[in-house]
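A.B. asks: I am attaching a structure below and will ask some questions about it afterwards.
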Amino acid sequence: MELPPSFDGAPAVPVDRLPAAVRDELARRAAGPEPVAAYLYDTAAAVARAERLTAALPAWVDVYYAVKANPYGPLVEALAGTVTGFEVASCSEVALADDACAKASVPTWVTASGPGKQDSLLHDLARLDGAIVNAESELELHRLSRAAVAAGRVVPVALRVNPDRTDMAGSLRMGGVASPFGIPEERLDAAIALAARLPGLDPVGFHVHAVSGNLDADAHAAYVRQCLGLAVERSAAHGIALRTVDAGGGIGVPFEDEAPFDLDRFGALLREIEPPPGVRVALEPGRWLAAPVGWYAAQVTDVKESRGAWFAVVRGGINHFQLPTSWDIRHNFAVLPVDAWPDGLPRPEARDAPVTVVGELCTPEDVLARDVTVGALRAGDVVVFPNAGAYGFEFAMPAFLGHPPAERITLPIA
Numbered sequence: 001m002e003l004p005p006s007f008d009g010a011p012a013v014p015v016d017r018l019p020a021a022v023r024d025e026l027a028r029r030a031a032g033p034e035p036v037a038a039y040l041y042d043t044a045a046a047v048a049r050a051e052r053l054t055a056a057l058p059a060w061v062d063v064y065y066a067v068k069a070n071p072y073g074p075l076v077e078a079l080a081g082t083v084t085g086f087e088v089a090s091c092s093e094v095a096l097a098d099d100a101c102a103k104a105s106v107p108t109w110v111t112a113s114g115p116g117k118q119d120s121l122l123h124d125l126a127r128l129d130g131a132i133v134n135a136e137s138e139l140e141l142h143r144l145s146r147a148a149v150a151a152g153r154v155v156p157v158a159l160r161v162n163p164d165r166t167d168m169a170g171s172l173r174m175g176g177v178a179s180p181f182g183i184p185e186e187r188l189d190a191a192i193a194l195a196a197r198l199p200g201l202d203p204v205g206f207h208v209h210a211v212s213g214n215l216d217a218d219a220h221a222a223y224v225r226q227c228l229g230l231a232v233e234r235s236a237a238h239g240i241a242l243r244t245v246d247a248g249g250g251i252g253v254p255f256e257d258e259a260p261f262d263l264d265r266f267g268a269l270l271r272e273i274e275p276p277p278g279v280r281v282a283l284e285p286g287r288w289l290a291a292p293v294g295w296y297a298a299q300v301t302d303v304k305e306s307r308g309a310w311f312a313v314v315r316g317g318i319n320h321f322q323l324p325t326s327w328d329i330r331h332n333f334a335v336l337p338v339d340a341w342p343d344g345l346p347r348p349e350a351r352d353a354p355v356t357v358v359g360e361l362c363t364p365e366d367v368l369a370r371d372v373t374v375g376a377l378r379a380g381d382v383v384v385f386p387n388a389g390a391y392g393f394e395f396a397m398p399a400f401l402g403h404p405p406a407e408r409i410t411l412p413i414a
């Protein structure tokens with residue numbers, strides 16, 4: 001399949017759907033000497049989404065922001081104190097979360113995931129108060145035990161389970177299939193017994209992260225119920241004092257005309273569940289919190305027609321914003337008109353035609369959107385991709401060809 005998929009002539013996003021602060025800041029920068037290539041983030045909007053999420057959920061749910069979705073420092077710092085803690089997967093993410101919590105004067109709570117945890121990460125986690133390590137394999141349990149003993153600590157550990165089945169749809173699937181993530185459910189009993197007997201480990205529960213990008217609130221609530229049921233059953237069978245069930249992330253955002261995730265219904269369905277006394281359920285949203293509060297903007301440097309097809313070349317591309325080429329999702333854009341243009345230069349434009357937006361790299365794979373119909377798109381205008389606040393700047397391939405990175409801008413501008 002060719003990625004990103006074609007829009008088949010569907011129209012661009014109306015520019016008035018962009019927040020005024022985004023339009024105004026980009027218009028100001030587009031009049032400068034260098035073409036615009038930037039991410040813009042509204043950290044206050046991220047906090048508002050986090051507050052809305054926590055308000056909708058039962059009191060027995062903890063919310064950990066998945067730092068991998070967007071580790072931009074001002075965003076992480078803004079969320080500290082609003083979310084329960086942070087889901088981390090590297091030493092740098094641990095340090096980022098710890099620093100953000102210190103600045104917010106709140107305790108550092110992290111849950112750590114990832115199938116390739118290095119000893120340096122395990123040692124950092126063993127020394128950190130408030131960390132739960134989601135162990136992905138039997139070998140990782142042995143390595144975590146060694147780190148805990150070396151630190152003179154007892155480390156809370158949850159076993160990441162690859163369940164036999166999951167009934168949720170999503171853009172990516174990590175559970176219910178052969179996967180490098182977690183311990184297959186059929187080997188879970190042996191892993192529980194191992195965790196219980198290794199020194200320095202305190203088995204506190206289980207972790208399951210099955211899919212990403214789910215928009216079905218009913219299915220997600222049923223999935224949380226499934227995770228709880230598995231955890232209660234297996235902990236009872238092994239005499240483990242169950243304290244945490246981490247249901248991972250996976251709550252998606254719509255990129256086209258799909259209905260958004262129904263947060264109120266999700267919360268209502270969760271309230272029908274009664275976890276055992278003292279058991280906390282963790283959710284690890286990343287994309288849901290970060291994607292809608294970020295925009296990627298790239299100024300058009302050329303517009304050209306080739307054998308009946310129109311192309312807009314931008315300052316940027318997959319060296320800044322690789323997500324559109326990474327999965328089967330169509331990521332649309334708005335056109336921000338810019339009047340300024342150098343005197344004496346011709347100004348090419350496409351009118352009432354499907355346009356493919358391509359980047360500045362020397363590869364035909366550098367495509368951000370295919371066949372989007374624009375009313376008018378000129379060299380010098382700016383294309384703006386909403387829903388770009390997750391898996392953007394850090395997810396890209398900035399070193400190829402050595403072009404300057406995208407700028408990052410925190411809204412509102414002081």
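Residue 119 in the working numbering sits at position 119 of the sequence shown; the count goes up by one each step and never skips.
Even for Gly, the Cβ is constructed at its ideal location relative to N, Cα and C.
In this text the structure is predicted, and so the values were computed from the model without any measurement.
What's the gap between the Cα of Val61 and the Cα of Leu336?
C.D. replies: The residue you call residue 61 lines up with position 61 of the sequence shown. The residue you call residue 336 lines up with position 336 of the sequence shown. Approximately 41 angstroms, taken between the alpha carbons.
A.B. asks: Within the region 190-226, note down every full beta strand (DSSP E) run reaching 3 residues or more, in order along the chain.
C.D. replies: 201-207
A.B. asks: Output the boundary residues of the alpha helix (DSSP H) element that contains Leu79.
C.D. replies: Taking the first residue of the sequence shown as 1, we reach residue 79 at position 79. Annotation: the continuous alpha helix (DSSP H) that includes Leu79 extends over 73-79.
A.B. asks: Who are Val157's beta bridge partners in DSSP?
C.D. replies: Within the sequence shown, numbered from 1, the residue matching residue 157 stands at position 157. According to DSSP, Val157 bridges with Val133, Pro203.
A.B. asks: To the nearest angstrom, how far is it from the Cα of Ser171 to the Cα of Arg265?
C.D. replies: Numbered from its first residue, the sequence shown carries residue 171 at position 171. Numbered from its first residue, the sequence shown carries residue 265 at position 265. Annotation note: pLDDT 46 at Ser171 (below 50); position unreliable, no value reported.
A.B. asks: Per DSSP, which residues does Gln322 bridge with? Please list them.
C.D. replies: On the sequence shown, residue 322 is found 322 positions in, with the first residue counted as 1. Its beta-bridge partners do not exist; DSSP assigns none.
A.B. asks: Is Val154 buried or exposed, if buried means 16 or more other CB atoms sit within 10 Å of its CB?
C.D. replies: Translated into the one-based positions of the sequence shown, residue 154 becomes position 154. Label assigned to Val154: exposed.
A.B. asks: If you follow the alpha helix (DSSP H) that Lys304 is part of, which residue opens it and which one closes it?
C.D. replies: The sequence position of residue 304 within the sequence shown is 304, counting from 1. First-last for Lys304: 294-306, but that is the beta strand (DSSP E), not the alpha helix (DSSP H).
A.B. asks: So the candidates are Asp8, Ala247, Arg146; which of them puts its Cα closest to the Cα of Ala158?
C.D. replies: Taking the first residue of the sequence shown as 1, we reach residue 158 at position 158. With distances taken between Cα atoms, Ala158 lies closest to Ala247.
A.B. asks: Near Ala102, what residues of its chain come up, given a Cβ to Cβ distance below 8 angstroms and the 5 sequence neighbours on each side ignored?
C.D. replies: For the purposes of this step, residue 102 is taken as residue 102 along the sequence shown, with counting starting at 1. Spatial neighbours of Ala102 in its own chain (CB-CB distance under 8 angstroms, excluding positions within 5 residues in sequence) are listed in chain order as Thr108.
A.B. asks: Which complete alpha helix (DSSP H) runs does the region 323-390 hold, if anything under 4 residues is left out?
C.D. replies: none
A.B. asks: Could you tell me if Ser92 is buried or exposed, where buried requires 16 or more neighbouring beta carbons within 10 angstroms of its beta carbon?
C.D. replies: As a position in the sequence shown, residue 92 is number 92, starting the count at 1. Exposed, since its Cβ has fewer than 16 Cβ neighbours within 10 Å.
A.B. asks: Would you tell me roughly how many angstroms separate the C-alpha atoms of Trp295 and Leu18, rounded to the nearest one?
C.D. replies: Translated into positions along the sequence shown, residue 295 becomes position 295. Translated into positions along the sequence shown, residue 18 becomes position 18. Rounded to the nearest angstrom, the two C-alpha atoms are 9 angstroms apart.
A.B. asks: Can you say whether Met174 is buried or exposed, counting buried as having 16 or more other CB atoms within 10 angstroms of its CB?
C.D. replies: What you label residue 174 is simply residue 174 of the sequence shown in a count that begins at 1. Interpretation of Met174 is limited by its pLDDT of 48, a score under 50 that renders its predicted location unreliable; the figure taken from the coordinates is listed afterwards. That one is buried.
A.B. asks: Would the beta-carbon of Glu140 fall within 8 angstroms of that of Asn162?
C.D. replies: What you label residue 140 is simply residue 140 of the sequence shown in a count that begins at 1. What you label residue 162 is simply residue 162 of the sequence shown in a count that begins at 1. Pairing Glu140 with Asn162 gives a Cβ-Cβ distance that is not under 8 angstroms.
A.B. asks: Starting from the C-beta of Ala415, find all residues in its chain whose C-beta is less than 8 angstroms away, skip the five residues before and the five after it, and write them out in chain order.
C.D. replies: Any property of residue 415 remains undetermined from this structure, which presents the chain solely from 1 to 414.
A.B. asks: When the Cα atoms are used, what is the spatial distance from Ala428 to Asp302?
C.D. replies: The requested residue 428 does not occur in the structure, where the chain is confined to residues 1 to 414.
A.B. asks: Cβ of Val355 within 8 angstroms of Cβ of Ala312?
C.D. replies: Counting from 1 along the sequence shown, the entry for residue 355 is found at position 355. Counting from 1 along the sequence shown, the entry for residue 312 is found at position 312. Taking C-beta atoms as the reference points, Val355 and Ala312 count as a pair closer than 8 angstroms.
A.B. asks: When DSSP builds the beta bridges, which residues end up paired with Pro11?
C.D. replies: If you number the sequence shown from 1, residue 11 lands on position 11. Thr373, per the DSSP bridge assignment.
A.B. asks: Determine which residues share a DSSP beta bridge with Thr244 and list them.
C.D. replies: As a first step, residue 244 must be located in the sequence shown, where it is residue number 244. In the DSSP output, where bridge partners are listed per residue, Thr244 has Gly205, Arg280.
A.B. asks: Is it true that the CB of Leu270 sits closer than 8 angstroms to the CB of Arg465?
C.D. replies: Coverage of the chain is limited to positions 1 through 414, which leaves residue 465 absent and any answer about it impossible.
A.B. asks: Relative to the C-alpha of Pro292, which residue among Val314, Arg307, Leu40, Ala196 is closest?
C.D. replies: Taking the first residue of the sequence shown as 1, we reach residue 292 at position 292. Among Val314, Arg307, Leu40, Ala196, the Cα nearest to that of Pro292 is on Leu40.
A.B. asks: Note down the Cα distance separating Val314 from Ala104, rounded to an integer number of angstroms.
C.D. replies: Here the question's residue 314 lines up with position 314 in the sequence shown. Here the question's residue 104 lines up with position 104 in the sequence shown. Rounded to the nearest angstrom, the two C-alpha atoms are 39 angstroms apart.
A.B. asks: Taking Asp42 as part of the beta strand (DSSP E), name the residues at either end of that continuous run.
C.D. replies: For the purposes of this step, residue 42 is identified with residue 42 of the sequence shown, where counting begins at 1. Asp42 -> beta strand (DSSP E) spans 37-42.
A.B. asks: Sort out for me which residues DSSP pairs Arg408 with in a bridge.
C.D. replies: Locating residue 408 in the sequence shown gives position 408, counting from the first residue. DSSP output for Arg408 lists Tyr39 as bridge partner(s).
A.B. asks: Here's the rule: buried if 16 or more other CB atoms are within 10 angstroms of the residue's CB, otherwise exposed. What is Leu363?
C.D. replies: For the purposes of this step, residue 363 is taken as residue 363 along the sequence shown, with counting starting at 1. It is Thr, not Leu, that sits at residue 363 in the sequence shown. Classification of Thr363: exposed, given that the 10 Å Cβ count is below 16.
A.B. asks: With the cut-off set at 8 angstroms, would you say Cys227 and Val204 are in Cβ contact?
C.D. replies: Taking the sequence shown and counting its residues from 1, one reaches residue 227 at position 227. Taking the sequence shown and counting its residues from 1, one reaches residue 204 at position 204. Against a cut-off of 8 angstroms, the Cβ pair of Val204 and Cys227 comes out as no contact.
A.B. asks: Bridge partners of Pro184, per DSSP?
C.D. replies: Sequence index remark: in the sequence shown, residue 184 carries index 184 (1-based). BP columns for Pro184 point to Asn162.
A.B. asks: Alpha carbon to alpha carbon, what distance is there between Arg330 and Pro180?
C.D. replies: Position 180 of the sequence shown, counting from 1, holds the residue named residue 180. Position 330 of the sequence shown, counting from 1, holds the residue named residue 330. The straight-line gap from Cα to Cα measures roughly 27 angstroms.
A.B. asks: Could you please give me the residues that DSSP links to Glu87 through a beta bridge?
C.D. replies: Residue 87 sits at position 87 when you count from the first residue of the sequence shown. In DSSP, Glu87 forms a bridge with Ala66, Thr111.
A.B. asks: Taking all protein chains shown into account, do 16 or more other C-beta atoms lie within 10 angstroms of the C-beta of Glu136, making it buried, or fewer, making it exposed?
C.D. replies: Working through the sequence shown from its first residue, we reach residue 136 at position 136. Buried is the call here.
A.B. asks: Using a Cβ distance threshold of 8 angstroms, determine whether the region 346-355 contacts the region 393-403, with at least three qualifying pairs required.
C.D. replies: no
A.B. asks: Tell me whether the region 358-373 and the region 316-334 touch, counting them as touching only if at least three CB pairs, one residue from each stretch, are closer than 8 angstroms.
C.D. replies: When C-beta atoms of the region 358-373 are compared with those of the region 316-334, three or more pairs fall below 8 angstroms, so the two segments count as touching.
A.B. asks: Who are the near neighbours of Ala414 in its chain, counting only those whose CB is closer than 7 angstroms to its CB and skipping five residues on each side?
C.D. replies: Along the sequence shown, one-based indexing puts residue 414 at 414. Only weak support exists for where Ala414 lies, its pLDDT of 49 falling under 50; the value from the coordinates is given anyway. Same-chain partners within the cutoff: there are none.
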